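K.L.:
The structure is given below, and queries will be raised subsequently.
2 protein chains.
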Amino acid sequence: MSVERRSWGEASYGTLHRQIARRLGARIVSGEMEEGAALPNEAALSKELGVSRTVVREAVKVLAAKDLLEVRPKTGTKVRPRRDWNMLDPEILEWQFSGPGALAHIRDLLEVRLVVEPAAARAAAERAEPGDLEEIERACADMEAASGDTESSIEPDLKFHLSVLGSSHNVFMRPFGALIQAALRSSFRLTNEDRAAYLRSVRQHRDVLDAIRASDPDAAEAAMRLLLISTLDDVNNALRTMGHRHSPGRRSKRPAPAKRKA
Amino acid sequence: MSVERRSWGEASYGTLHRQIARRLGARIVSGEMEEGAALPNEAALSKELGVSRTVVREAVKVLAAKDLLEVRPKTGTKVRPRRDWNMLDPEILEWQFSGPGALAHIRDLLEVRLVVEPAAARAAAERAEPGDLEEIERACADMEAASGDTESSIEPDLKFHLSVLGSSHNVFMRPFGALIQAALRSSFRLTNEDRAAYLRSVRQHRDVLDAIRASDPDAAEAAMRLLLISTLDDVNNALRTMGHRHSPGRRSKRPAPAKRKA
DNA sequence: TGGGAGCGAAAAGTCGGATTTATTTGAGTA
DNA sequence: TACTCAAATAAATCCGACTTTTCGCTCCCA
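Residue numbers (our numbering), protein chains in the order written: chain A, 338 to 599; chain B, 338 to 599.
Next comes the structure, spelled out in structure tokens:
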């Protein structure tokens, strides 16, 4: 139960309060602690986790800043309703898509990508600058070069979509980058695509680039939409063939009283 | 120079570390502290602000959690590039739209609303439940009841758009609520609309509701788009008539001539 | 019987200081 | 030139005392 105190590779991730924040955050996002649930008080938490009260407090501050927790004197610290979370926060997405609920919002994910990314491509076609095009071009080239396993193609693929978002020059579209990142990282587990499908995908990416470079908004939007529909089909096929062990992920009003049912 | 220690109305906003976080956050978002700029070290900051080091640390943790700051030993605390901020975070939006840069992203704002909200209306038409419809209905009714000054109509207007977003039942669309909130609160200053325009607006809102209630996705999407285009025109008119004291807000290398084709 | 004032306890908030750890920098050395 | 190591710096952690806010209850008065 003791806490690892190892070094922080490159980002500030090895600090104690970040470890604690991540641990609590993952438990909250996974639903293990449900809405309105109260955390132990600071003294109890610090003893339970084996860290000082200072560390607990800073971890809680981090989660409160993300609107995961609500904290007040006397009442203590409680989990805020999911409705108030910012589901586009990179860390929340990471906790969501690495835990058990990875597939829970797959429909929402694809739907919103299908809304935002074509629009971003359109905007990019209108406003992309030379540097932007260069960036997208490099991503495409890397995708073609990586024509091997799925995993090594994830990075350039991600880079492509992030670059298009950036090329839209719309500050409110960029936050979706975190969502796409989470999506790709989690989808690479189930997309076992053959080589033909991969080549098709690469071409579709390049179609988007060509349209953006040609400053053709309609074509860019359409190309991006085609690309996304293809991956959507891939995901659907993967989900279908991998069996129905996972529920469809459609959350109804009541959070399914499925308690201790093996 | 001393810090006010008044009570926290309802949200946890009167705590020292939140006050400090807000102050620093506003300075960062406003651009007063630019990307990469280093903050004084904790000891200096605590003396400068007249609070303990603990408070400074917790405030910094909050801003770091929002990706506004990057903090490491020895190097100190630095402002992270704007590209990495989550511009859909409620507090960042508040700092952005209450400060001097309120109009900076007005184009981005309208563009993204025009992308997301029609899609949300479409989804709502497909998936809204009775409770959702009730909520939207009440918002519409309140708008009609408030047929007076602009200010009192802001709240139900906001409620309407938030309800539609919620009715989409897509967790990744809800974060836009914060954006719409910031938009409405800041736009109420410049929309000096006459009564005729207001009545038209109310009707357009109700058109959206009707389409959603009729489970007609196409109509819902179209109605929402119409509504947004109207408010977009209103804002453009307001900006034009209020003179050109404010810069166009379009940050681009080349000064693209505003092409506005009917 | 009902409502408001006030009291007490619980929990977070704040403080200051001691100590530890990570990271950079540069001096010294092979 | 490149490599090692030590000093310096700044954050990270811990600790314990004290303050403030807030909830919930009791008690008193209308």
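Beta carbons: idealized from backbone N, C-alpha and C, even for Gly.
Being a predicted model, the structure only gives us computed values, none of them experimental.
#1: Of the residues B:Ser505, B:Arg577 and B:Ala520, which one's Cα is nearest the Cα of asparagine 438 of chain B?
#2: Can you pull the chain B neighbours of methionine 510 of chain A, defined as C-beta to C-beta under 7 Å?
#3: Methionine 424 of chain A touches chain B at which residues, Cβ-Cβ below 8 Å?
#4: What are the residues of the region 427-446 of chain B that lie near chain A, defined by any Cβ-Cβ distance shorter than 7 Å?
#5: Against chain B, does glutamate 385 of chain A count as a neighbour if the rule is that its beta carbon must be under 8 Å from one of theirs?
#6: Start and end of the alpha helix (DSSP H) containing glutamate 407 of chain B?
#7: CA-CA distance, leucine 447 of chain A and leucine 536 of chain A?
#8: With distance defined between alpha-carbon atoms, name the residue in B:Val408, B:Glu372 and B:Leu546 nearest to arginine 352 of chain A.
#9: Look up valine 416 of chain B in the DSSP assignment and give the residues it is bridged to.
#10: Report the neighbours of valine 452 of chain A on chain B: residues whose CB is nearer than 7 Å to its CB, in chain order.
#11: For leucine 406 of chain A versus tryptophan 422 of chain A, is the C-beta distance shorter than 8 Å?
#12: Is glutamate 301 of chain A close to chain B, meaning its C-beta is less than 8 Å from at least one C-beta of that chain?
#13: Hey, is valine 399 of chain B's beta-carbon within less than 8 Å of any beta-carbon in chain A?
#14: When Cβ atoms are compared, which residues of the region 554-565 of chain B fall closer than 9 Å to chain A?
#15: Look at the Cβ atom of isoleucine 357 of chain B, then the Cβ atom of valine 393 of chain B, and state whether they are nearer than 8 Å.
#16: Is asparagine 507 of chain B buried or exposed, if buried means 16 or more other CB atoms sit within 10 Å of its CB?
#17: Is the region 468-477 of chain A in contact with the region 570-580 of chain A, if contact means three or more CB pairs nearer than 8 Å?
#18: Pop quiz: valine 545 of chain A and leucine 564 of chain A are said to be a contact at Cβ under 8 Å. What is the actual Cβ separation, rounded to whole angstroms?
#19: What in chain B is Cβ-close to alanine 402 of chain A, meaning under 7 Å?
#20: Roughly how many angstroms separate the alpha carbons of glycine 362 of chain B and methionine 579 of chain A, rounded to a whole number?
#21: Does any residue of chain B bring its CB to less than 8 Å from the CB of leucine 516 of chain A?
#22: Is it right to say proline 410 of chain A is buried, meaning 16 or more other beta carbons lie within 10 angstroms of its own, or is it exposed?
#23: Three or more C-beta pairs closer than 8 Å, one from the region 543-560 of chain A and one from the region 456-465 of chain A: is that the case here?
#24: Go through its chain and collect everything with a Cβ distance to proline 512 of chain A's Cβ below 8 Å, but skip five positions before and after it.
#25: Give the straight-line distance between the Cα atoms of alanine 375 of chain B and arginine 390 of chain B, rounded to the nearest whole angstrom.
#26: Check this for me: beta carbons of valine 501 of chain A and alanine 560 of chain A, under 8 Å apart or not?
#27: Is the beta carbon of asparagine 507 of chain A within less than 7 Å of some heavy atom of the ligand PLP?
#28: According to DSSP, simplified to helix, strand and coil, what is alanine 375 of chain A?
#29: Note down, in chain order, each residue of its chain lying with its Cβ closer than 7 Å to the Cβ of serine 523 of chain A, except the 5 sequence neighbours on either side.
#30: Candidates B:Glu454, B:Gly373, B:Ile491 and B:Glu369: which alpha carbon is nearest threonine 412 of chain B's?
#31: Would you kindly check if the distance between the Cβ of arginine 475 of chain A and the Cβ of alanine 557 of chain A is under 8 Å?
#32: Using the C-alpha atoms, what's the distance from threonine 487 of chain A back to serine 398 of chain A?
#33: Roughly how many angstroms lie between the CA atoms of proline 554 of chain B and serine 504 of chain B, to the nearest whole one?
#34: Pick out the complete alpha helix (DSSP H) segments inside the region 452-536 of chain B, 4 residues or longer, and give them in chain order.
#35: Can you tell me which of the three DSSP states valine 388 of chain A falls into?
P.N.:
Let me spell this out:
#1: Correcting the residue identity first, residue 438 of chain B is glycine in this sequence and not asparagine. Check the Cα spacing between glycine 438 of chain B and each of B:Ser505, B:Arg577 and B:Ala520: the tightest is with B:Ala520.
#2: Within 7 Å of the CB of methionine 510 of chain A, the CB atoms of chain B belong to Val449, in sequence order along the chain.
#3: Those are Val508, Phe509, Arg511 and Pro512, listed as they occur along chain B.
#4: Listed in sequence order: His442, Asp445 and Leu446.
#5: No, no contact with chain B.
#6: Counting along the chain, glutamate 407 of chain B falls outside any alpha helix (DSSP H), though it belongs to the beta strand (DSSP E) covering 406-409.
#7: Leucine 447 of chain A and leucine 536 of chain A have their alpha carbons spaced roughly 21 Å apart.
#8: Before going further, note that residue 352 of chain A is threonine rather than arginine in the sequence given. Distance from the Cα of threonine 352 of chain A is smallest, within the candidate group B:Val408, B:Glu372 and B:Leu546, for B:Val408.
#9: Per DSSP, B:Leu406.
#10: In chain order, Val452, Val453 and Ala456 make up the part of chain B whose C-beta sits under 7 Å from the C-beta of valine 452 of chain A.
#11: The answer is no: Cβ separation not under 8 Å.
#12: This structure gives no information on residue 301 of chain A, because the portion of chain A shown stretches from 338 to 599.
#13: Residue-level contact check: valine 399 of chain B touches chain A, since one or more beta carbons of chain A fall below 8 Å from its beta carbon.
#14: From the region 554-565 of chain B, no residue has a Cβ closer than 9 Å to chain A.
#15: For the pair isoleucine 357 of chain B and valine 393 of chain B, the CB atoms are nearer than the 8 Å cut-off.
#16: The residue is buried, with at least 16 neighbouring Cβ atoms inside 10 Å.
#17: Because the criterion of three Cβ pairs below 8 Å is not met, the region 468-477 of chain A and the region 570-580 of chain A do not touch.
#18: At roughly 6 Å, the Cβ-Cβ gap stays under 8 Å, so valine 545 of chain A and leucine 564 of chain A are in contact.
#19: Under the 7 Å cutoff, chain B gives Val399, Ala402 and Lys403.
#20: Distance between the alpha carbons of glycine 362 of chain B and methionine 579 of chain A is about 47 Å.
#21: Interface residue, yes.
#22: Burial check for proline 410 of chain A: the Cβ neighbour count within 10 Å stays below 16, so the residue is exposed.
#23: Contact between the region 543-560 of chain A and the region 456-465 of chain A is present, because at least three Cβ pairs lie under 8 Å.
#24: Excluding sequence neighbours, proline 512 of chain A sits near Leu425.
#25: Going by C-alpha positions, alanine 375 of chain B is about 17 Å away from arginine 390 of chain B.
#26: Valine 501 of chain A is not a Cβ neighbour of alanine 560 of chain A, given a cutoff of 8 Å.
#27: No copy of the ligand PLP occurs in the structure displayed, which carries no ligand at all.
#28: Looking at alanine 375 of chain A - three-state DSSP - the assignment turns out to be strand.
#29: The answer, listed in chain order, is Phe434 and Ala439.
#30: Looking at the Cα atoms, B:Gly373 is the closest of the given residues.
#31: Cβ distance not < 8 Å, so alanine 557 of chain A and arginine 475 of chain A don't count as in contact.
#32: It should be noted that the sequence gives lysine, not serine, for residue 398 of chain A. Whole-angstrom Cα-Cα distance: 38 Å.
#33: Computed Cα separation, rounded: 13 Å.
#34: Here the runs fully enclosed are 467-482, 487-504 and 513-524.
#35: Coil, per DSSP.
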